[in-house]
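**Q** Here you go, one structure.
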Ligand SMILES: [Zn+2]
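Residue numbers (the UniProt record's numbering): 1 to 373.
So this is what it looks like as structure tokens:
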């Protein structure tokens with residue numbers, strides 16, 4: 001049994017190397033944007049689709065016309081089309097908006113789908129030198145800080161720019177953590193509407209009372225503010241109060257989420273969550289309040305990096321039908337949001353709605369974990 005994991009390390013390109021990397025990113029971005037425009041044009045002209053193969057062909061022509069494109073290793077440049085495909089796939093699934101042209105700000109990484117040496121012992125575009133530096137023909141050697149061992153077979157490498165810094169993210173395949181996955185030690189987490197989270201082992205966690213109390217205070221203070229005359233002394237005083245309360249609530253919430261995610265990542269070896277699309281949920285008015293308040297995205301990020309830190313596996317699964325399907329027999333039992341209990345018409349299982357969902361999330365996660373060779 002194997003699993004795929006991302007391991008991230010800071011790299012230290014020289015000024016010159018940074019310039020080159022920046023330029024490569026720029027060419028990747030231009031390739032992305034022009035493929036997107038070509039796709040749109042083709043669609044408007046003939047309603048025909050413009051496939052990845054078409055894009056590859058166009059790239060070949062472009063490389064002749066614009067030789068500078070040849071400066072970028074060919075694999076990362078072609079991988080751009082895969083990104084575009086994924087962007088459209090997720091748009092068609094209604095998970096994201098229609099793909100946009102990328103600006104400098106939102107195009108920050110390039111993917112090398114192969115790493116190291118091929119069967120014949122030739123280097124791919126990116127590999128390690130004997131002294132453990134990153135190597136590319138045009139870039140030369142780049143220092144990398146392997147602050148913890150890189151374990152497993154490297155499947156691909158992403159170079160990512162974050163502000164002034166650069167990182168290497170290796171996707172590695174390795175043996176699944178525990179030799180046999182301890183089911184009691186693997187959990188699925190569902191974001192509850194009434195409870196904060198519900199776990200597949202039956203545990204539930206509420207928003208702490210002090211937090212709810214503070215939130216109530218904040219709401220009251222905001223309400224009061226709306227009644228004050230803008231610019232008046234009382235108004236200014238109230239603004240300050242609201243700001244202060246706001247900060248307090250945010251701090252307390254962050255504190256709570258840190259503790260909870262720490263606790264989970266220490267207690268469980270496999271944690272599965274839904275890859276919930278915040279955008280879709282925020283569109284749903286009723287849900288939006290509780291979700292954005294609960295800071296689920298923040299919590300998920302905390303869980304992800306803490307799992308990595310403590311050696312656990314963190315798995316995101318697609319949220320489709322997790323609340324509808326029966327966790328014991330798989331029957332799809334349609335229910336609206338207001339129905340809080342899962343009652344299976346086929347196998348007569350009766351479970352709390354969120355608990356049933358957490359079991360489905362766990363099941364999906366374990367399936368995903370057992371990627372076989
Ligand atoms: Zn059932």
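Glycine included, every Cβ here is placed at the ideal spot set by N, Cα and C.
Nearest to residue 374 by CA position, among 129, 124, 143 and 325, is which residue?
**A** Lying outside 1 to 373, the shown extent of the chain, residue 374 is not represented and no answer is given.
**Q** Comparing the CB of residue 346 with every heavy atom of ligand 1, is any distance shorter than 7 Å?
**A** By one-based count along the chain shown, residue 346 stands at place 346. For ligand 1, at least one heavy atom lies less than 7 Å from the Cβ of residue 346.
**Q** Kindly identify the DSSP beta-bridge partner or partners of residue 36.
**A** The residue given as residue 36 occupies position 36 in the chain shown. Answer is none; residue 36 lacks a bridge partner.
**Q** Could you work out which residue in 46, 70 and 172 is closest to residue 113 when comparing CA atoms only?
**A** The sequence position of residue 113 within the chain shown is 113, counting from 1. Nearest C-alpha to residue 113: 172.
**Q** Compare the beta carbon distance of residue 140 and residue 127 with 8 Å and say whether it is the shorter of the two.
**A** Here residue 140 is taken as the residue at index 140 of the chain shown, counted from 1. Here residue 127 is taken as the residue at index 127 of the chain shown, counted from 1. No. Outside cutoff.
**Q** Name the residue from 262, 24, 326 and 154 whose alpha carbon lies nearest to the alpha carbon of residue 300.
**A** On the chain shown, residue 300 is found 300 positions in, with the first residue counted as 1. Nearest C-alpha to residue 300: 262.
**Q** Can you round the beta-carbon distance between residue 272 and residue 317 to whole angstroms, since I take them to be within the 8 Å contact cut?
**A** As a first step, residue 272 must be located in the chain shown, where it is residue number 272. As a first step, residue 317 must be located in the chain shown, where it is residue number 317. Rounded, the Cβ-Cβ distance is 6 Å, consistent with contact.
**Q** For the pair the region 76-87 and the region 32-47, tell me if three or more CB-CB distances fall below 8 Å.
**A** Touching, yes, given that three or more Cβ pairs across the two stretches are closer than 8 Å.
**Q** Can you give me the C-alpha to C-alpha distance between residue 214 and residue 298, rounded to a whole angstrom?
**A** Against the chain shown, residue 214 aligns to sequence position 214. Against the chain shown, residue 298 aligns to sequence position 298. When rounded, the distance between both Cα atoms is 19 Å.
**Q** Report yes if the C-beta of residue 349 is less than 7 Å from at least one heavy atom of ligand 1; otherwise report no.
**A** As a working note, residue 349 is residue 349 in the chain shown. The answer is yes for residue 349.
**Q** Whole angstroms is fine: what's the gap from residue 241's alpha carbon to residue 221's?
**A** For the purposes of this step, residue 241 is taken as the residue at position 241 of the chain shown. For the purposes of this step, residue 221 is taken as the residue at position 221 of the chain shown. Roughly 7 Å separates the two Cα atoms.
**Q** I need the DSSP call for residue 174, collapsed to helix, strand or coil.
**A** Here residue 174 refers to the residue found at position 174 of the chain shown. It is a strand residue.
**Q** Would the region 51-58 and the region 99-109 be scored as touching if the rule is three or more Cβ pairs under 8 Å?
**A** Because the criterion of three Cβ pairs below 8 Å is not met, the region 51-58 and the region 99-109 do not touch.
**Q** What residue range is occupied by the uninterrupted beta strand (DSSP E) comprising residue 136?
**A** To locate residue 136, count along the chain shown from 1; it is residue 136. Residue 136 -> beta strand (DSSP E) spans 134-136.
**Q** In whole angstroms, what separates the C-alpha of residue 51 from that of residue 86?
**A** To locate residue 51, count along the chain shown from 1; it is residue 51. To locate residue 86, count along the chain shown from 1; it is residue 86. Each residue's Cα considered, the two are about 12 Å apart.
**Q** Just the C-alpha distance for residue 89 and residue 36, rounded to the nearest angstrom, thanks.
**A** If you number the chain shown from 1, residue 89 lands on position 89. If you number the chain shown from 1, residue 36 lands on position 36. In a straight line, the C-alpha of residue 89 is about 13 Å away from that of residue 36.
**Q** Identify every run of the alpha helix (DSSP H) within the region 41-65, keeping only runs that are complete inside it and at least 4 residues long; order them along the chain.
**A** Qualifying alpha helix (DSSP H) stretches, in chain order: 52-65.
**Q** Between the region 59-75 and the region 11-31, do three or more beta carbon pairs fall short of 8 Å?
**A** Taking 8 Å as the limit for Cβ pairs, the verdict is that the region 11-31 does touch the region 59-75.
**Q** Out of 237, 189 and 236, which one is the CA nearest neighbour of residue 270?
**A** Walking along the chain shown from the start, residue 270 turns up at place 270. Checking every option, the nearest Cα to that of residue 270 belongs to 189.
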